[in-house]
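**Q** Can you read through this structure? Questions will come right after.
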Amino acid sequence: MNRIVIITFLLVVITAIQAEEQKMNNIYDFTMEDISGNEVKLEEYKGKVILIVNTASKCGFTYQYEGLEKLYETYKDSGLVILGFPANNFLKQEPGSDEEIASFCSLNYGVTFLMFSKISVKGKDIHPLYKYLTSKDADHEFGGKISWNFNKFLISRDGKIINRFGSKVKPEDEKIINAIKEVL
Numbered sequence: 032m033n034r035i036v037i038i039t040f041l042l043v044v045i046t047a048i049q050a051e052e053q054k055m056n057n058i059y060d061f062t063m064e065d066i067s068g069n070e071v072k073l074e075e076y077k078g079k080v081i082l083i084v085n086t087a088s089k090c091g092f093t094y095q096y097e098g099l100e101k102l103y104e105t106y107k108d109s110g111l112v113i114l115g116f117p118a119n120n121f122l123k124q125e126p127g128s129d130e131e132i133a134s135f136c137s138l139n140y141g142v143t144f145l146m147f148s149k150i151s152v153k154g155k156d157i158h159p160l161y162k163y164l165t166s167k168d169a170d171h172e173f174g175g176k177i178s179w180n181f182n183k184f185l186i187s188r189d190g191k192i193i194n195r196f197g198s199k200v201k202p203e204d205e206k207i208i209n210a211i212k213e214v215l
């Protein structure tokens with residue numbers, strides 16, 4: 032009798048998890064925690080162009096915070112939002128707490144774009160947002176694993192993933208700027 036109860040319970044849990052994963056078929060379906068611990072529904076950014084970036088404070092690409100901030104300052108009034116997601120997935124290059132990360136970004140790079148609580152962007156504990164962004168089964172052509180810190184996803188005003196840029200593509204690169212201008 033106990034086995035039947037346990038199996039039934041597990042089936043209910045698995046079904047609920049699968050239903051939740053299936054529900055996440057749009058960027059606006061996600062609710063995230065910002066770096067200060069506040070809940071942020073990504074649906075708040077409907078109608079905006081979004082650049083999502085996985086970040087790290089102790090990486091060879093950390094200098095990109097400066098370019099991201101300049102990009103944000105230049106285009107925020109036209110509808111660009113940059114969302115930074117610290118992650119410690121690559122050689123433990125983001126070991127700090129959310130408070131330490133926020134302080135580092137503010138003091139060293141003057142970051143004013145929205146930073147979120149540290150998450151995992153790959154592996155067994157990948158956050159559902161990044162599972163969606165990197166899914167090859169999702170309704171976009173930009174799936175595939177995150178290769179390193181500072182990968183960038185460009186999201187259109189209607190919530191579709193429309194481009195992806197690797198770590199080596201700097202925020203001030205014409206590829207990114209032109210792609211953003213095209214959708215603003």
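In our numbering, each number is its position in the sequence shown, counted from 1, plus 31.
Glycine residues also receive a C-beta, built at the ideal position from the N, C-alpha and C atoms.
Note that the structure is a prediction, hence the values are computed from the model and not measured.
#1: To the nearest angstrom, report how far apart K77 and Y106 are at their CA atoms.
#2: Which runs of the alpha helix (DSSP H), 4 residues or longer, sit entirely within the region 67 to 152?
#3: Could you have a look at K183 and say whether DSSP puts it in helix, strand or coil?
#4: Would you call the CB atoms of I211 and L138 closer than 8 Å?
#5: D65 and L145: beta carbons closer than 8 Å?
#6: Go through its chain and collect everything with a Cβ distance to E74's Cβ below 7 Å, but skip five positions before and after it.
#7: Just to confirm before moving on: does the CB-CB distance between S187 and V80 stay below 8 Å?
#8: In its own chain, which residues sit with a C-beta less than 8 Å from the C-beta of Q53, not counting the 5 before and 5 after it?
#9: What are the boundary residues of the beta strand (DSSP E) that I193 is part of?
#10: Taking the continuous alpha helix (DSSP H) assigned at E172, which residues delimit it?
#11: Mind checking L122: buried by the 16 CB within 10 Å criterion, or exposed?
#12: Over what stretch of residues does the alpha helix (DSSP H) that includes E205 continue unbroken?
#13: I'd like the span of the alpha helix (DSSP H) that includes K162, first residue to last.
#14: Return the chain-ordered list of same chain residues with a C-beta closer than 6 Å to the C-beta of F173, the five sequence neighbours on each side being excluded.
#15: By a C-beta neighbour count over all protein chains shown, 10 Å radius and 16 as the cutoff for buried, is L160 buried or exposed?
#16: Using a Cβ-Cβ cutoff of less than 7 Å, which residues in the same chain neighbour S109 once the five nearest sequence positions on both sides are dropped?
#17: In whole angstroms, give me the CA-to-CA distance for F181 and G68.
**A** In this structure, then:
#1: 16 Å
#2: 95 to 106, 129 to 140
#3: strand
#4: Their beta carbons are not under 8 Å apart, which means I211 does not touch L138 by this criterion.
#5: yes
#6: In its chain, beyond the 5 residues on either side, Y59 have a beta carbon closer than 7 Å to the beta carbon of E74.
#7: yes
#8: Model confidence at Q53 stands at a pLDDT of 44, short of 50, so the residue's coordinates are unreliable and nothing is read from them.
#9: Where I193 is concerned, the enclosing beta strand (DSSP E) stretches over 192 to 196.
#10: Taken as a continuous stretch (DSSP letters only), E172 belongs to no alpha helix (DSSP H), as it is neither H nor E.
#11: exposed
#12: 205 to 214
#13: 159 to 165
#14: I192, R195
#15: Around the beta-carbon of L160, 16 or more other beta-carbon atoms lie within 10 Å, marking it buried.
#16: L215
#17: The alpha-carbon atoms of F181 and G68 are separated by roughly 22 Å.
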